[in-house]
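Colleague: Residue numbers (my numbering): 687 to 940.
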Amino acid sequence: MLTEYKTRFLGRDLNFTIELSSNSNLGGLSESLDDFIADETGLSINPADDGEKLKYIVTSAITYTFNFFNNTGMTYGPSLINAGFTQLELTSLTASLKKSFYLFQVYNSTDTNSQILLHSGYYNGFTFLSGTTSYSIDPSAEISGYYISNENLANIDNDQLYLKLSFYNAKTGKLQLFQNQAKLSGTTEDMFYFNGTLDSTNLMFILPSPVVAREFVNTAYLNKLNENVPTFSYEAPVYPTGGTSLSGNTYFNT
687 MLTEYKTRFL GRDLNFTIEL SSNSNLGGLS ESLDDFIADE TGLSINPADD GEKLKYIVTS
747 AITYTFNFFN NTGMTYGPSL INAGFTQLEL TSLTASLKKS FYLFQVYNST DTNSQILLHS
807 GYYNGFTFLS GTTSYSIDPS AEISGYYISN ENLANIDNDQ LYLKLSFYNA KTGKLQLFQN
867 QAKLSGTTED MFYFNGTLDS TNLMFILPSP VVAREFVNTA YLNKLNENVP TFSYEAPVYP
927 TGGTSLSGNT YFNT
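#1: Looking at the structure shown, is residue 802 part of a helix, part of a strand, or coil, going by DSSP?
#2: Based on DSSP bridge pairs, tell me the residues matched to residue 773.
#3: Around the C-beta of residue 741, are 16 or more other C-beta atoms found within 10 angstroms, so that it is buried, or is it exposed?
#4: Compute the beta-carbon to beta-carbon distance between residue 952 and residue 776, rounded to the nearest angstrom, for a pair I have assumed lies under 8 Å.
#5: State yes or no: is the C-beta of residue 895 within less than 7 Å of the C-beta of residue 748?
#6: Taking DSSP as the reference, what is the three-state secondary structure of residue 810?
#7: Span of the alpha helix (DSSP H) holding residue 784?
#8: If you count every other CB in all the chains shown that lies within 10 Å of the CB of residue 837, and 16 or more means buried, which is it?
#9: Please classify residue 828: is it buried, with 16 or more other beta-carbons within 10 angstroms of its beta-carbon, or exposed?
#10: Would you list the one or two residues that DSSP bridges to residue 842?
#11: Among the residues of its own chain, which have a CB less than 7 Å from the CB of residue 856, if the five just before and after it don't count?
Here it is in structure tokens:
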């Protein structure tokens, strides 16, 4: 986007400020709208968040295992081949592999109608380039840091946090969602979360290891989820609400 300005020559040097933004990045347009609305109403469509965020870390290595569904063999396993990549793509490190990423999201509850997103972490193919999808992550790794604003601490009940895991597959352009493998018999959306505890005194996020996740393959639910995956920016997806995931992976949209 190119913003045009009218100028008047005053017989001296002039400095011009030109705003540019890519068509695939709507930030420039959003900022211009913000400026206009702020001038007219004193408000902003994207108000700044000045809340300080603190980093909470895990204290020991955690093993994350992502079991993807293999459509051909109808089985689950910790492999990016199951996710739809070929061995050649893994070996040659294709762009679609590098642009794929895991999405780590931490919420204050499992109720999609009222929960607050506290943290989002994106970990792409530059970090996870191996064919296996079982990773032992050291506490010093960036993935082990969870950033939560001070203002959101009041929204956390009994220091309980809930981690939800997804994988954005750049080859298909789809988001793949995981269940907590220990909750496969669950009948509500609680099955998608891994329970953790916040230690605000010592700035720690206590998450039991191992974290074993299994891809959720319910078509109706995933289609609804992917309707809300942003096209132009890596934002938090909007998960389906108003329904219940029942035993047998049957999803009813009520």
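The beta carbon of each residue, even a glycine, is placed where N, CA and C say it ideally should be. From a predicted model like this one, the values you see are computed outputs, not experimental measurements.
Modeller: According to the structure shown:
#1: Reduced to three states, the DSSP call for residue 802 is coil.
#2: DSSP output for residue 773 lists no bridge partner at all.
#3: Exposed, since its Cβ has fewer than 16 Cβ neighbours within 10 Å.
#4: There is simply no residue 952 to check, as the chain begins at 687 and stops at 940 in what is shown.
#5: Judged by their CB atoms, residue 895 and residue 748 are nearer to each other than the 7 Å cut-off.
#6: If DSSP states are grouped into helix, strand and coil, residue 810 belongs with the strands.
#7: For residue 784, the enclosing alpha helix (DSSP H) has its first and last residue at 781 to 784.
#8: Exposed, by the Cβ-count rule.
#9: By the 10 Å Cβ count, residue 828 comes out exposed.
#10: When DSSP reads this structure, residue 842 sits in no beta bridge, so it has no partner.
#11: Setting aside the 5 residues that flank it on each side, residue 856 is surrounded in the same chain by 782, 785 and 786, each with a C-beta closer than 7 Å to its C-beta; the list follows chain order.
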